[in-house]
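Take the sequence shown: its letters are residues 66 to 262, numbered as in this note's numbering.
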Amino acid sequence: MGEHGPFGLDQLEDLCWTAERHNVTAIARVPDIGSSTILRYLDRGIMGILGPHIATEADARQLARACYFGPLGERSFGANRGTDYNAGIADKAAYYREANEQMLVCALLEDAAVLDNLDTILAVPGIDLYSIGPNDFSQSLGYPGQPDHPEVVKTMQEITRRIHQAGRKMQSDVMQGAWVSDMLLDAGRRILSSDRG
């Protein structure tokens, strides 16, 4: 039910429950940034939203507004999996604050219009990470099926530079740190296991 994924909304709740039991944050790439669409994912326990085709400031504001409870956004509250079925929530204001702090929001930049609108997109509060969708982006630039075309690569590098210059993070920045941590942990496990027997 995600933009490109095979899972339907009926499967998300079980997937989120399983992820939570294994200390994994459930993240979904939603099909669109409509508030009702995003709410369906959040209500099932998704804690991170990747919003597709963020090409304007208005798109970025809509994405953030849909993901956060007030005062940061307009996310609706209902008694469901994503809000612990409203069980034992004595202080909803505190619950809203904590949910907002734990929310991860990533804007997927996939359209040529980003080039003219990037500064205003980056100024929108509530977006944690940015990512470039190379296939859609290359098509938008007039190079369908050519994400490695020199002009596409150069343009994506320029966008990445501008994001970093604004003090913001790319999804790849965070993922590289996670990969390094995984490599170090795996190396440590191998060292420890090689010393056995």
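Virtual Cβ for every residue (Gly too), placed ideally from N, Cα, C.
Problem set entry | Cβ-based neighbour list, D201, same chain, cut-off 6 Å, excluding 5 preceding and 5 following | E175
Problem set entry | Reference P96; option with closest CA among R86, I119, T90 and D181 | I119
Problem set entry | DSSP state of S141 mapped onto helix, strand, coil | coil
Exercise. From Y133 to A164, what distance separates their C-alpha atoms?
Worked result: As the crow flies, the alpha-carbon of Y133 is around 8 Å from that of A164.
Exercise. In this structure, what does DSSP give as the bridge partners for C171?
Worked result: L115 and L194
Problem set entry | N-terminal and C-terminal residue of the beta strand (DSSP E) that R227 is part of | Segment P215 to Q230 is the alpha helix (DSSP H) holding R227; no beta strand (DSSP E) there.
Exercise. Straight-line CA distance for Q127 to L137?
Worked result: Roughly 11 Å between the two C-alpha positions.
Exercise. Measuring CB to CB, does M112 end up less than 7 Å from T90?
Worked result: yes
Problem set entry | Validate contact between the segment 222-236 and the segment 173-190 using beta carbons, cut 8 Å, 3 pairs | Here the segment 222-236 makes contact with the segment 173-190; the two share three or more CB pairs at distances below 8 Å.
Exercise. So is S141 buried or exposed if we call it buried at 16+ other beta carbons inside 10 Å?
Worked result: exposed
For this session: Mark G262 as exposed unless 16 or more other C-beta atoms lie within 10 angstroms of its C-beta, in which case mark it buried.
Result: Model confidence at G262 stands at a pLDDT of 47, short of 50, so the residue's coordinates are unreliable; what they give is reported in the following sentence. By the 16-neighbour rule on beta-carbons within 10 angstroms, G262 is exposed.
For this session: Tell whether a beta-carbon distance below 7 Å holds between L115 and C171.
Result: yes
Exercise. Would you report the Cα separation of L194 and I92, rounded to the nearest angstrom?
Worked result: 13 Å
Exercise. Any idea if S196 is buried or exposed, counting beta-carbon neighbours within 10 angstroms, 16 or more meaning buried?
Worked result: buried
Exercise. Nearest-angstrom Cα distance between I103 and A131?
Worked result: 6 Å
Problem set entry | I186 in three-state terms, based on DSSP | helix
Problem set entry | L206 vs V217 beta-carbon contact at 7 Å | yes
Problem set entry | Bridge-paired residues (DSSP) for K234 | L194
Problem set entry | Assigned secondary structure, A93 (DSSP; H/G/I helix, E/B strand, else coil) | strand
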